[in-house]
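Take a look at the structure below.
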Amino acid sequence: GYVAVAREITELTRLKGSVRYTNEDFEDFADRDDDRWEVGVGLEYSLVHWLDVGLAYGFQNRDSNVDIFDYASNIITLTASTRFGE
90 GYVAVAREIT
100 ELTRLKGSVR
110 YTNEDFEDFA
120 DRDDDRWEVG
130 VGLEYSLVHW
140 LDVGLAYGFQ
150 NRDSNVDIFD
160 YASNIITLTA
170 STRFGE
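Position in the sequence shown (from 1) plus 89 gives the number in this note's numbering.
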């Protein structure tokens, strides 16, 4: 499942969050079964009406019954996005 929310804090600032869980079953590969979690939170700010900047943190974890496919990662993302034609 996947859940994402965005909340306007001020007219120019938005808080975003998401949670995702997936279970992957690879029967053709040694009966591999993976559980994957992803959690993220971020802040987005409108500098001007056509330019937004954001900073986000994400955590990903994969738990597999085949040890070499287990991992956990921390991700920090800086974004800039534009809007045209408004």
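The beta carbon of each residue, even a glycine, is placed where N, CA and C say it ideally should be. Remember, it's a predicted structure, so these values are computed and weren't measured experimentally.
Of the choices the options, whose alpha-carbon is the least far from that of residue i?
i	options	result
Ala161	Asp117, Asn150, Thr168, Asn154	Asn150
Gly129	Asp152, Val92, Thr171	Val92
Gly143	Thr111, Asn163, Lys105, Asp156	Lys105
Gly90	Gly147, Asp152, Val108, Ala145	Val108
Asn154	Asp117, Asp122, Asp114	Asp122
Leu165	Gly147, Val137, Asp152	Position check: residue 165 holds Ile in this sequence, whereas Leu was assumed. Closest by alpha carbon: Gly147.
Tell me whether residue i is buried or exposed, calling it buried when 16 or more other Cβ atoms sit within 10 Å of its Cβ.
i	result
Glu100	exposed
Glu133	buried
Give every residue of the same chain whose Cβ lies closer than 6 Å to the Cβ of residue i, excluding the five residues on either side of it in the sequence, and list them in chain order.
i	result
Trp126	Tyr110, Asn150
Asn112	Asp124
Leu140	Thr171
Arg103	Ala95, Glu97, Glu133
For residue i, collect the residues of the same chain with a Cβ closer than 8 Å to its Cβ; drop the 5 residues on either side in sequence, then sort them by chain order.
i	result
Phe173	Trp139
Here's a check: name, in chain order, each residue in its chain whose Cβ is nearer than 7 Å to the Cβ of residue i, leaving out the five neighbours to either side.
i	result
Phe115	Arg121
My guess is that residue i and residue j are in contact by the Cβ rule of under 8 Å, so how many angstroms apart are they, rounded?
i	j	result
Ala145	Gly131	3 Å
Whole runs of the beta strand (DSSP E) within the segment 98 to 133, excluding any shorter than 3 residues: 102 to 115
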